[in-house]
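Position 69, counted from 1, in the sequence shown is what numbering that gives the first Met the number 0 calls 68; the numbers after and before it change by one each time, with no gaps.
No residue lacks a Cβ here, since even glycine has one placed at the ideal position from N, Cα and C.
Computed from a predicted structure; not experimentally measured.
Reviewing the structure listed below.
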Amino acid sequence: MSTPETLDNISRQLNIYVGTCMFILGIIGCVWNILVFRHYSFRLSSCCIYMIFGSFASLVQLLFGLLPRILSDGFLFDRNSTNIAWCKIRSYVASCASLIALYCFVWSGIDRFFSTCQQIKWRYLTSVSIAKQICLLTIILWMIFNIPTLIYTRPLATTGTCASSSFIWSQISVYCLNLLCYGTFPWLLTSIFGILTLKNLRRVHQQRINPFPIPKLVRTTYLDHQLISMVLLQILLSMMSSTPFCIRIIYDNLTQTVVKTKYRRAQEDLCMQIVYLMFYLNYVSMFYVNYISSTVFRRLSKKVLTNLYEKDENISRGVTVINHQRSCLEGEARKETKIFSTFGPNTTSSV
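This is how it looks when you write it as structure tokens:
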């Protein structure tokens, strides 16, 4: 039978080896994501704007969230319990970055839904300028919402950890931040818009009749489908990794007054380390999910790596992502109307 010391040692080894590997892979993936999505070919896509902001936030989360956890729980080098300034800053930045990254992924999923709508009024919402405004508003919103974390978080002498000194804010963090903001809202929004996106794709596939081969439209549709597959797979992984985290936080809050044996505390600590490492998959896996799910992303990421110091125009030949801007939408709508009108009203798809 395992002893508490054995379980504690397993928890430490998990943080040292698994956590360190995740941190290294996550840093490489986030930096590579930023290089790819800021590229000339992807800069015109509103979905990629969300992914750029999400990658930056994920990078910050790994530096302020995962790395300190590896040092404290793995190497037993904990500055949170002794340095009040670092305790406050680290908790505030990590909380803001994790929520910003998560909701940038949510917005990218909603953006893909709007991009597959046949009505032009909805496709107007997929402009780059609107995407940048939403990302900036998301950053400001979560920075303001997490101000109490900056105020109340401090090293607690009773537990020897960096935690909130306010009972009210602790309850808000557990049931509002963790249960709703990390859990219910992202799952609900991404599930609804993911299903609607798939329905839009199926409807477009069934209704669109293209009598003439138009390479531009074919290429655009193909790249849109690539972005959608990247977003939906990332959303699925995010839901799978966030669910145990929310359950664990609520369990800790409900059992904090329960008297526990040393063996039970060791079991719960091991479970907590596994859950936290699963939670950080949200921020580690984005690049690798994109690389697996998209042939365009694989091709462009290789070009960015091999031509890192060349001009954007030289790297981006043959790869074009068309953003649904207002002028482009109006022009394409007029062209499609003229083409389809020659074949009668039965072959005209609604826009």
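Does DSSP put residue i in a helix, in a strand, or in coil?
i	result
residue 341	Because the pLDDT at residue 341 is just 45, under 50, the model does not fix this residue reliably, and the point stays unresolved.
residue 163	strand
residue 11	helix
residue 78	coil
residue 311	Low local confidence applies: a pLDDT of 46 at residue 311 is under 50, so the model's placement there is unreliable, and no value is given.
residue 155	strand
residue 202	helix
residue 279	coil
residue 274	helix
residue 292	helix
residue 87	helix
residue 120	helix
residue 174	helix
residue 2	coil
residue 258	coil
residue 241	helix
residue 284	coil
residue 26	helix
Quick check: residue i and residue j, are their CB atoms within less than 8 angstroms of each other?
i	j	result
residue 29	residue 98	no
residue 288	residue 236	yes
residue 272	residue 13	yes
residue 137	residue 103	yes
residue 169	residue 155	no
residue 110	residue 57	no
residue 232	residue 35	no
residue 182	residue 234	no
residue 245	residue 152	no
residue 262	residue 3	yes
residue 185	residue 304	no
residue 352	residue 51	In the structure displayed, the chain extends from 0 to 350; residue 352 sits before or after that span and is not available.
residue 63	residue 89	yes
residue 269	residue 6	yes
residue 125	residue 107	no
residue 144	residue 229	no
residue 127	residue 248	no
For residue i, report the span of its beta strand (DSSP E) as first-last.
i	result
residue 37	No beta strand (DSSP E) holds residue 37; DSSP gives it neither H nor E.
Considering residue i, what are the terminal residues of the alpha helix (DSSP H) in which it resides?
i	result
residue 137	127–144
residue 47	45–60
What whole-angstrom Cβ distance do residue i and residue j have, given they're in contact under 8 angstroms?
i	j	result
residue 189	residue 105	6 angstroms
Answer yes if the region 87–97 comes into contact with the region 146–159, meaning at least three C-beta pairs across the two stretches below 8 angstroms, and no otherwise. yes
Could you check whether the region 11–29 touches the region 273–284, counting it as contact only if at least three pairs of C-beta atoms, one from each stretch, sit closer than 8 angstroms? yes
Count Cβ pairs between the region 188–204 and the region 249–260 that sit closer than 8 angstroms; are there 3 or more? no
Are there three or more Cβ pairs, one per stretch, closer than 8 angstroms when the region 66–76 is compared with the region 114–122? no
Taking contact to mean at least 3 C-beta pairs separated by less than 8 angstroms, is the region 127–143 in contact with the region 72–79? no
Within 8 angstroms, do at least three Cβ pairs link the region 75–91 to the region 155–173? yes
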